[in-house]
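K.L.:
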Amino acid sequence: MHTVVVGTSGTTAADVVAVARDGARVELSPEALDALARARETVDALAAKPEPVYGVSTGFGALATRHIGQELRTRLQRNIVRSHAAGMGPRVEREVVRALMFLRLKTVASGHTGVRPQVARAMADLLNAGITPVVHEYGSLGCSGDLAPLSHCALALMGEGDAEGPDGTVRPAAELLAAHGLAPVELREKEGLALLNGTDGMLGMLVMALADLETLYKTADVTAALSLEALLGTDKVLRPELHAIRPHPGQGAAAANMLAVLEGSGLVGHFQADEAPRVQDAYSVRCAPQVAGAGRDTMAHARLVAERELAAAVDNPVVLPDGRVESNGNFHGAPVAYVLDFLAVAAADLGSIAERRTDRLLDKNRSHGLPPFLADDAGVDSGLMIAQYTQAALVSEMKRLAVPASADSIPSSAMQEDHVSMGWSAARKLRTAIGNLRRVLAVELYAATRAIELRHGLTPAPASRAVIDALRAAGVAGPGPDRFLAPELEAADAFVRDGGVVAAVERVTGPLA
Numbered sequence: 068m069h070t071v072v073v074g075t076s077g078t079t080a081a082d083v084v085a086v087a088r089d090g091a092r093v094e095l096s097p098e099a100l101d102a103l104a105r106a107r108e109t110v111d112a113l114a115a116k117p118e119p120v121y122g123v124s125t126g127f128g129a130l131a132t133r134h135i136g137q138e139l140r141t142r143l144q145r146n147i148v149r150s151h152a153a154g155m156g157p158r159v160e161r162e163v164v165r166a167l168m169f170l171r172l173k174t175v176a177s178g179h180t181g182v183r184p185q186v187a188r189a190m191a192d193l194l195n196a197g198i199t200p201v202v203h204e205y206g207s208l209g210c211s212g213d214l215a216p217l218s219h220c221a222l223a224l225m226g227e228g229d230a231e232g233p234d235g236t237v238r239p240a241a242e243l244l245a246a247h248g249l250a251p252v253e254l255r256e257k258e259g260l261a262l263l264n265g266t267d268g269m270l271g272m273l274v275m276a277l278a279d280l281e282t283l284y285k286t287a288d289v290t291a292a293l294s295l296e297a298l299l300g301t302d303k304v305l306r307p308e309l310h311a312i313r314p315h316p317g318q319g320a321a322a323a324n325m326l327a328v329l330e331g332s333g334l335v336g337h338f339q340a341d342e343a344p345r346v347q348d349a350y351s352v353r354c355a356p357q358v359a360g361a362g363r364d365t366m367a368h369a370r371l372v373a374e375r376e377l378a379a380a381v382d383n384p385v386v387l388p389d390g391r392v393e394s395n396g397n398f399h400g401a402p403v404a405y406v407l408d409f410l411a412v413a414a415a416d417l418g419s420i421a422e423r424r425t426d427r428l429l430d431k432n433r434s435h436g437l438p439p440f441l442a443d444d445a446g447v448d449s450g451l452m453i454a455q456y457t458q459a460a461l462v463s464e465m466k467r468l469a470v471p472a473s474a475d476s477i478p479s480s481a482m483q484e485d486h487v488s489m490g491w492s493a494a495r496k497l498r499t500a501i502g503n504l505r506r507v508l509a510v511e512l513y514a515a516t517r518a519i520e521l522r523h524g525l526t527p528a529p530a531s532r533a534v535i536d537a538l539r540a541a542g543v544a545g546p547g548p549d550r551f552l553a554p555e556l557e558a559a560d561a562f563v564r565d566g567g568v569v570a571a572v573e574r575v576t577g578p579l580a
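Numbering (our numbering), first residue to last: 68 to 580.
1. State buried or exposed for Y350, treating a residue as buried only when at least 16 other CB atoms are found within 10 Å of its CB.
2. In chain order, what residues of the same chain have a beta carbon less than 6 Å from the beta carbon of A323, not counting five sequence neighbours either side?
3. Once DSSP output is grouped into helix, strand and coil, what is the label at V93?
4. Run through the DSSP bridge pairs and tell me what E484 is partnered with.
5. Pull up the distance between the alpha-carbon of L254 and that of R145, whole angstroms please.
6. What are the uninterrupted segments assigned as alpha helix (DSSP H) that are 4 or more residues long and contained completely in the region 341 to 386, given in chain order?
7. Between the C-alpha atoms of T78 and M452, what's the straight-line distance to the nearest angstrom?
8. Verify whether the separation of the beta carbon atoms of R506 and L461 is less than 8 Å.
9. On a Cα-Cα basis, can you pick out the residue from D416, N383, S394 that is closest to C354?
10. Less than 8 Å between the CB atoms is what I'm expecting for P200 and L222, so what's the real figure, rounded?
11. Given 8 Å as the limit, is there contact between the region 527 to 541 and the region 490 to 509, that is, 3 or more CB pairs closer than that?
12. Output the boundary residues of the beta strand (DSSP E) element that contains M155.
13. What did DSSP end up calling P216 once you bin it into helix, strand or coil?
14. Rounded to whole angstroms, what's the CA-CA distance from F567 to V93? Just pull it up for me.
15. Would you say A196 and L249 are within 8 Å of each other, going by their C-beta atoms?
16. Tell me whether R183 sits in a helix, a strand or coil according to DSSP, three-state version.
17. In the DSSP assignment, what are the bridge partners of R238?
18. Could you compute how far the alpha carbon of W491 sits from the alpha carbon of V202?
19. In terms of residues, what are the limits of the beta strand (DSSP E) holding V123?
20. List the residues that DSSP assigns as beta-bridge partners of V73.
21. Do you know offhand how far G547's Cα is from H523's?
22. Would you tell me roughly how many angstroms separate the C-alpha atoms of A401 and L280, rounded to the nearest one?
23. So which of A102, D229, L103 has the shortest CA-CA distance to R158?
24. From S479 to D213, what does the alpha carbon distance come to, in whole angstroms?
25. What is the rounded straight-line gap between the Cα of M275 and the Cα of V164?
26. For G396, count neighbouring C-beta atoms within 10 Å of its own C-beta (all shown protein chains included) and say buried if the count is 16 or more, exposed if not.
27. Tell me which residues share the same chain as P529 and place their Cβ nearer than 6 Å to its Cβ, disregarding the 5 neighbours each side in the sequence.
28. Alpha helix (DSSP H) containing H203: first to last residue?
29. Between the C-alpha atoms of L244 and G156, what's the straight-line distance to the nearest angstrom?
30. In the DSSP assignment, the alpha helix (DSSP H) including A320 goes from what residue to what residue?
31. Note down, in chain order, each residue of its chain lying with its Cβ closer than 7 Å to the Cβ of A515, except the 5 sequence neighbours on either side.
32. Output yes or no for whether 8 Å exceeds the beta carbon distance between G300 and V335.
33. Label K285 either buried or exposed according to how many other C-beta atoms from any shown protein chain fall within 10 Å of its C-beta, with 16 as the threshold for buried.
34. For D448, which residues does DSSP report across the bridge?
35. Measuring CA to CA, which of R107, P384, L224, I135 is closest to V148?
36. Taking the alpha-carbon of V72 as reference, which of V372, A187, A215 has the nearest alpha-carbon?
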């Protein structure tokens, strides 16, 4: 099994995905263990002094003015975890919790948190054992870290609360630790606070969203090309010289992908005998590269933010190399929250333009010779009429999800935390939006492939043919009389989710941009 080594200088997006989704093992580098030990010496020295130091010998948040004696500090660290593990609502997905745990370990390993090496090892052991704490949907305001979600993880480390074992069964965390030969951790000065004070949940979801969107944007280029082909559109608007004079990188990449898919098509630019030649295609077809390209460039900005966060040590207070322990505001989630919201806007627009192309394929007045709703016997058969309804419902929800969570703020902690980012909420709604986008593209794929096969006597591009053949092999049938549609739409969704669209095209075209 692949092993991810965690050092002092952050981690990569690929490592996050490997741990969160693929179950990669985690190890701490010797460098990280040395940094942990040095930082802990600093914390221990400050803990021994009579002067109060925030996070070491004081309360937290609005209670930071109280000095805590040495005899109460273990209780203090235990209590902050217990009290902050106050989430409610449905369970968060396993991959999100694993990403959150791994990213908190990444910051701990930086040597800026003051956590003991044995605590960091215990965090790695929990991941490697496949023990996933139960984390709930609600509880983070995206400031002072993803407090409740991280607290539920720290609670499991202490042998309290519930967790899911590697077999998927939820049991008391103490039982799971014992079953895997792991001992509960007793937290000391600053350690409870250090385990809670990070933007790890929202960052983990951003990293995985970018991985998913990378595939979905390529898929959208393919489905747009298939729709263009099915509508007998022109590929002249995709020529590189036209996109070079408006040099947005994403736009050029999207146009190049579409052009590669359409290479060798016998449908492109074909006109029905009874209609006048079209000078221009509709915006949903002609402007596909501009919309998908803008989303790609949005992803590039979001990826830059993610890379900076992956290299960061987010905690408060932090241990500096010169031995100072200083308070800061680096736990504020605004940088991550903004791009999470931005991606939801881009996803909604990509879904919207895909739905418009699907609707055009089904309308006999705009589809240039295709049967109404791509039905076998229109009137007797309804064809894909309601598939488009489903697609429209998904897009409508995506538009609601595009309203930015980061524009909101609700003061908390007796006005000490009087401005928060709502980044966790931005991340949660983005995950829903991405699932919706995938389904929207699956419906367009379903409609466009059927429409191409209804163009009797015309030969699609080799790449298009490859997609159609792969989709049919995945259990999605072609044109014909009405049948139970939901299972086929589900199969098309799975085909998109598993990267089948991109894989089929790239076997013909080579790698897409």
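Just so it is clear, CB atoms sit at the ideal spot from N, CA and C, and this is done for glycine as well.
P.N.:
For this structure:
1. Result: exposed.
2. Counting only Cβ-Cβ distances below 6 Å, and skipping sequence neighbours, we find A580.
3. In this structure, DSSP gives V93 an extended state, which the three-state scheme calls strand.
4. Paired residues: S479.
5. Note on geometry: alpha-carbon atoms of L254 and R145 lie some 6 Å from one another.
6. Listed in chain order, the complete alpha helix (DSSP H) runs (minimum 4 residues) inside the region 341 to 386 are 350 to 353, 355 to 377.
7. Rounded to the nearest angstrom, the two C-alpha atoms are 47 Å apart.
8. Going by C-beta atoms, R506 is nearer than 8 Å to L461.
9. Closest option to C354, judged by alpha-carbon separation, among D416, N383, S394: D416.
10. 7 Å between Cβ atoms; contact.
11. The answer is no - the region 490 to 509 does not touch the region 527 to 541, with fewer than three Cβ pairs under 8 Å.
12. Residues 155 to 158.
13. In the three-state scheme derived from DSSP, where H, G and I count as helix and E and B as strand, P216 is classed as helix.
14. As written in the sequence, residue 567 is Gly, which differs from the Phe given in the question. One Cα belongs to G567, the other to V93, and the distance between them is close to 30 Å.
15. L249 is positioned such that its CB atom lies closer than 8 Å to that of A196.
16. Taken through DSSP and simplified to helix, strand or coil, R183 comes out as coil.
17. DSSP lists A230 as partners of R238.
18. When rounded, the separation of the alpha-carbon atoms in W491 and V202 is 13 Å.
19. Premise fails: V123 is in no beta strand (DSSP E) and is neither H nor E.
20. DSSP lists L95 as partners of V73.
21. For G547 and H523, the distance between alpha carbons rounds to 14 Å.
22. As the crow flies, the alpha-carbon of A401 is around 21 Å from that of L280.
23. R158 has its Cα closest to that of D229, out of A102, D229, L103.
24. The alpha-carbon atoms of S479 and D213 are separated by roughly 14 Å.
25. Straight-line Cα distance between these residues: approximately 12 Å.
26. Residue environment for G396: exposed (fewer than 16 other C-beta atoms within 10 angstroms of its C-beta).
27. These residues qualify, in order along the chain: G331, V575.
28. Element bounds for H203: not the alpha helix (DSSP H) but the beta strand (DSSP E), 203 to 205.
29. Using only the alpha carbons, I get a separation of about 25 Å.
30. Residues 316 to 329.
31. Taken in chain order, the residues that qualify are T290, L293, S294, A297, L428.
32. Against a cut-off of 8 Å, the Cβ pair of V335 and G300 comes out as a contact.
33. By the Cβ-count criterion, K285 is buried, with 16 or more other Cβ atoms from all chains shown falling within 10 Å of its own Cβ.
34. According to the DSSP secondary-structure assignment, D448 is paired through a beta bridge with A445.
35. Among R107, P384, L224, I135, the Cα nearest to that of V148 is on L224.
36. With distances taken between Cα atoms, V72 lies closest to A187.
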